[in-house]
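Novice: Dropping the structure in here first, questions after.
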Amino acid sequence: GFWVGFAVFFPAVTGVMAGLGLSGDLRDPGKSIPLGSITAVAAGFLVYLLIPILLSLGADPSGLRDDPMVWSKIAVLGPWLVLPGLWSAIFSSAVGSILAAPRTLQALARDGLAPRFLYRPTGDNRELLPGMMVALAIAVTAVFLGNLNAVAMVVSMFFLTVYGTVNIVATFEVLSGDPSWRPKIKVPWPITLIGGLACVVVMVLISPVAGLIALVAEFSLWMYLSRRVQKARFGDARRGLYEALIRWALIRLNERPMSARNWRPHLLTFVDDPLKELDLIRFSDWFSQGRGVVTVCNLVVGDLMSDELDISGRRQRIQSVIDAEDIVVFPEVDAVNDIVEGLINVSQANGMAGMSSNTVLLGWPESVARRAEFLRVMCRLERLNKSFVLGRIRPKYMFRRETPAIHVWWGGLERNGDLMLLLAHLLHSNAEWSGAKVSVLSLASSELMRSRTEAHLKKLMPEIRIEADVRVVLKPKDETVTEVIHRESAEAAAVFLGLEVPASGDEEAYAERMDRLAGDLPVVFFVKNSSLFVGDLLETTESANETDAGDGDEADDRPSRDTRPLPE
23 GFWVGFAVFF PAVTGVMAGL GLSGDLRDPG KSIPLGSITA VAAGFLVYLL IPILLSLGAD
83 PSGLRDDPMV WSKIAVLGPW LVLPGLWSAI FSSAVGSILA APRTLQALAR DGLAPRFLYR
143 PTGDNRELLP GMMVALAIAV TAVFLGNLNA VAMVVSMFFL TVYGTVNIVA TFEVLSGDPS
203 WRPKIKVPWP ITLIGGLACV VVMVLISPVA GLIALVAEFS LWMYLSRRVQ KARFGDARRG
263 LYEALIRWAL IRLNERPMSA RNWRPHLLTF VDDPLKELDL IRFSDWFSQG RGVVTVCNLV
323 VGDLMSDELD ISGRRQRIQS VIDAEDIVVF PEVDAVNDIV EGLINVSQAN GMAGMSSNTV
383 LLGWPESVAR RAEFLRVMCR LERLNKSFVL GRIRPKYMFR RETPAIHVWW GGLERNGDLM
443 LLLAHLLHSN AEWSGAKVSV LSLASSELMR SRTEAHLKKL MPEIRIEADV RVVLKPKDET
503 VTEVIHRESA EAAAVFLGLE VPASGDEEAY AERMDRLAGD LPVVFFVKNS SLFVGDLLET
563 TESANETDAG DGDEADDRPS RDTRPLPE
């Protein structure tokens, strides 16, 4: 059939890539390759167009169909002209391949994409010998298969996949708008896209089986190369495409109004030492649960112009730490004159167009004075509509039970409960916490208040579609709130408590009270919800209607859906 003949004929007439294989030996590849390739294709097109015309003029259709050597009967010198011409054509194709293939293998080996023995940087012709031997072995194997037509069909598939890939990559480069893509011959992307798709269609028409073999071989090669750690000296078209997609998405995102339903945690986590605060980074990743963006920032006090800071080196060290732990976060290092002012400035500047950080996470400072400074930072972050989380994680903490417990303490009037419960839910959604049990705890001073609070919370959990147990504890008169929290959450793997804004001048006293509340609990997170949707992150139509329609006195008695550190 036509497509089988096309498959046999195709590799012999498509030498577009031959110039690329010899580009290392060209004086001016940028000029020679386009000129030579276009000239060769144009000349070949004319020759192969003239051949059938001349044959039709010199022989009848039956002779053209039945006699493969009809050329030798109508040529001027007969077989003395045709046979040397055939031999020259075959030899030139073989020479072109045997010259290009070793150089291609050598270039791949130099970039770490092929075994190193294929590249010997000796500076003489001996460096091509290993690649030439590999190319010769492949060619001889194909010859000894006997059926060259079948081999030609598979070879055509590789040619088509290469040309198709080149066209598709060119399409991506144009669409990505990468400034480094500056070809001398600008081809519109619809043409390259049509060329790439045409290659796929022709592969299917020739032989789906041979096409599948070629695709499996090339996919296996791609999988092998993608697992190799290499430092490429060349660009990657995918990055340009990703950047174009990100820009497009950010523009669309900025055009859409933000709502509580679309809210997701974009955390900005500040660390002094990524190794010492690795658990805090890990919790940041758990809180985002693959839904938000986590930035891990290391603030360095010093002059940005000083060579001793080594901003790039610090960022690389953080990246190596998180890569070793398989944590998906974005490292950042910023030089500041003062830590506190640096926290505020970086928090304001972090992010872009609809993707700025909305939650700031800090590690627990042992110094009461530093903790008081963080509380002042919290007050300023509230003006920026950024929530604040202060986490204290005991060194080398471990789950104390096979089924770890996550406790959320519910109460007060600071409207933190929705964010705390949402963070607990995201934490529970991670594979490492999949067996955890989320519990919402609250305190009541009387049996009547206990029953009302329990009924309200049990009704609330199904409405917000979060699986959590409800437990309302009746506070004994001879125990403080702190003692009750320590008793009830002693075995919890993570505890969430709310924060309120302390009065000006009371920050240190409040910081000391936080220390007493944390006590010996292994993991505690103090949460202040300052987002644009305070109290609405878990809002439901049913609960909103119920609150609006409720009796005024009952509304006062109904427990708040938010929490803070309860008074001692």
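Under this note's numbering, the first residue of the sequence shown carries the number 23, and numbering increases by one thereafter. Even for Gly, the Cβ is constructed at its ideal location relative to N, Cα and C.
What are the residues that DSSP puts in a beta bridge with I428?
Specialist: Beta-bridge pairing links I428 to V460, A516.
Novice: Less than 7 Å between C-beta atoms, sequence neighbours within five positions excluded: which residues of the same chain meet that for L182?
Specialist: Cβ within range, chain order: C221, V224, M225.
Novice: On the criterion of 16 or more Cβ atoms from any shown chain inside 10 Å, does M374 qualify as buried, or is it exposed?
Specialist: Classification for M374: exposed.
Novice: Who does R493 pair with in a DSSP beta bridge?
Specialist: Paired residue(s): L463.
Novice: For M245, count neighbouring Cβ atoms within 10 angstroms of its own Cβ and tell me buried if that reaches 16, exposed if not.
Specialist: Looking at its Cβ environment, which holds fewer than 16 other Cβ atoms inside 10 Å, M245 is exposed.
Novice: Can you tell which of L326, S389, V362, R304 has the C-alpha that lies nearest to the C-alpha of V350?
Specialist: Of the candidates L326, S389, V362, R304, the one whose C-alpha sits nearest the C-alpha of V350 is R304.
Novice: From what residue to what residue does the alpha helix (DSSP H) around K53 run?
Specialist: Per DSSP, K53 belongs to the alpha helix (DSSP H) from 51-80.
Novice: Let me know the secondary structure DSSP gives L554 once reduced to three states.
Specialist: Residue state, collapsed to three classes: coil.
Novice: Which of helix, strand or coil does DSSP assign to G156?
Specialist: Looking at the sequence provided, one finds Val at residue 156 rather than Gly. Three-state DSSP puts V156 in a helix.
Novice: In three-state terms, what does DSSP make of P353?
Specialist: In the structure shown, P353 sits in a strand (DSSP, three-state: E or B).
Novice: I'd like the list of long-range same chain contacts for V492, defined as Cβ closer than 7 Å, with 5 residues on each side in sequence excluded.
Specialist: Excluding sequence neighbours, V492 sits near V462, E476, L479, K480, M483.
Novice: For A29, count neighbouring C-beta atoms within 10 Å of its own C-beta (all shown protein chains included) and say buried if the count is 16 or more, exposed if not.
Specialist: It counts as buried.
Novice: Which ranges does the alpha helix (DSSP H) cover as unbroken runs of at least 4 residues, wholly within the segment 206-232, from first to last along the chain?
Specialist: Listed in chain order, they are 211-228.
Novice: Just to confirm before moving on: does the CB-CB distance between P56 and K298 stay below 8 Å?
Specialist: The answer is no: Cβ separation not under 8 Å.
Novice: Do the segment 542-556 and the segment 405-415 make contact, defined as three or more Cβ pairs closer than 8 Å?
Specialist: Segments in contact, yes.
Novice: May I ask you to report which of helix, strand or coil DSSP gives I488?
Specialist: Three-state result, I488: coil.
Novice: Report yes if the CB atom of N320 is closer than 8 Å to the CB atom of V293, and no otherwise.
Specialist: Closer than 8 Å, so yes.
Novice: Just to confirm the assignment, what range does the beta strand (DSSP E) spanning V382 have?
Specialist: Start and end: 381-385.
Novice: Which of helix, strand or coil does DSSP assign to L167?
Specialist: Of the three classes helix, strand and coil, the one that applies to L167 here is coil, per DSSP.
Novice: If you measure between the beta carbons of L465 and V430, is that distance less than 8 Å?
Specialist: No, the Cβ-Cβ distance between L465 and V430 is not below 8 Å.
Novice: Helix, strand or coil for R472? Go by DSSP, reduced to three states.
Specialist: In this structure, R472 counts as helix in the three-state DSSP scheme.
Novice: Would you kindly report the start and end of the unbroken alpha helix (DSSP H) that includes S115?
Specialist: Unbroken alpha helix (DSSP H) run through S115: 101-132.
Novice: Specify whether the segment 315-331 and the segment 368-384 touch according to this definition: at least 3 beta carbon pairs, one from each stretch, less than 8 Å apart.
Specialist: Cβ pair count under 8 Å is three or more, so yes.
Novice: Can you give me the start and stop residues for the beta strand (DSSP E) that T317 sits inside?
Specialist: From DSSP, the beta strand (DSSP E) with T317 extends over 316-323.
Novice: From what residue to what residue does the alpha helix (DSSP H) around S342 run?
Specialist: Residues 333-346.
Novice: What are the boundary residues of the beta strand (DSSP E) that L412 is part of?
Specialist: Taken as a continuous stretch (DSSP letters only), the beta strand (DSSP E) holding L412 covers 409-415.
Novice: Grab me the residues of L197's own chain with a C-beta within less than 8 Å of its C-beta, minus the 5 sequence neighbours each way, in chain order.
Specialist: Around L197: W211, L263, A266.
Novice: Which word fits T61, buried or exposed, when buried means at least 16 other C-beta atoms lie within 10 angstroms of its C-beta?
Specialist: Result: exposed.
Novice: Determine the burial state of I340: buried for a count of at least 16 other Cβ atoms within 10 Å of its Cβ, exposed for fewer.
Specialist: Flag for I340 reads buried.
Novice: Is it right to say W455 is buried, meaning 16 or more other beta carbons lie within 10 angstroms of its own, or is it exposed?
Specialist: Under this definition W455 is a buried residue.
Novice: Of the residues P137, P90, S306, which one's Cα is nearest the Cα of N452?
Specialist: Closest option to N452, Cα to Cα, is S306.
Novice: Beta-carbon separation of E530 and A371 under 8 Å?
Specialist: No, these two residues do not count as a Cβ contact at 8 Å.
Novice: Just tell me which of P279, K208, V177 has its CA closest to the CA of S229.
Specialist: Nearest of P279, K208, V177 to S229, Cα basis: V177.
Novice: Tell me where the alpha helix (DSSP H) around L302 begins and ends.
Specialist: Run containing L302: 300-310, per the alpha helix (DSSP H) assignment.
Novice: Let me check one thing: in DSSP terms, what residues is T291 bridge-paired to?
Specialist: V318, L383, per the DSSP bridge assignment.
Novice: Alpha carbon to alpha carbon, how far is E287 from R535?
Specialist: Checking the displayed sequence, the identity of residue 287 turns out to be Pro instead of Glu. Cα to Cα, P287 sits roughly 28 Å from R535.
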